[in-house]
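Just so it is clear: in the sequence shown, position 96 is 104 by the numbering used here, and no numbers are missing.
Below you'll find the structure, written out as structure tokens, and then a few comments.
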Amino acid sequence: MLHGSQYFSVKEFSCRCSCGFGSNETDIAKELVFALHLMRQSLNVPFTIASGARCVTHNAAEGGKPKSTHLAGVKGQCTPEYEGKCRAVDIQSVAWSTDLRGRAVAMALAMGLRVGLATTFIHVDVESTPYYSEGVWNYSASEDSGI
9 MLHGSQYFSV
19 KEFSCRCSCG
29 FGSNETDIAK
39 ELVFALHLMR
49 QSLNVPFTIA
59 SGARCVTHNA
69 AEGGKPKSTH
79 LAGVKGQCTP
89 EYEGKCRAVD
99 IQSVAWSTDL
109 RGRAVAMALA
119 MGLRVGLATT
129 FIHVDVESTP
139 YYSEGVWNYS
149 ASEDSGI
């Protein structure tokens, strides 16, 4: 159980390179887990964390941006309460229909999350302006998303 959610464990959020980042509950933003919990509960469809916390090395290997919200928040580059915390996940589910995926995106946006759309996953994060732009983006678009 992560931050009180019955649906997620800290192991799901941990950096995939086994460096240790994300392996402590304090490494993950509570607000992110809470939002994911509400989405999972409301949609009534399981989804997995395809990518959660990332160290700088793993983020580079994934093609992530230098200021990715998957990284530990850095003072002056993130909302102060998120310093040292992962603020993003990429979620996926084999059970998502087009309608259900649309509902997941609409729910995330209604909760004030930023959303990135990809063919195989949905990126959600809790970061906000002035550090990051708000809203939604498509990974296939050529513009820089800043994630």
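We put the beta carbon where it would ideally sit given N, CA and C, even for glycine.
Short of 6 Å from the beta carbon of residue 96, and not among the five residues preceding or following it, lie these beta carbons of its own chain, in chain order: 77, 78, 133. For residue 110, the enclosing alpha helix (DSSP H) starts and ends at 106 to 118. By the CB criterion at 8 Å, residue 30 and residue 94 fall inside the cutoff.
Here residue 47 is buried, its C-beta having at least 16 other C-beta atoms within 10 Å.
8 Å or more divides the Cβ of residue 101 from the Cβ of residue 138. Between the segment 51 to 68 and the segment 14 to 29 there are three or more C-beta pairs closer than 8 Å, enough to call the two in contact. DSSP, reduced to helix, strand and coil, places residue 97 within a strand of the structure shown.
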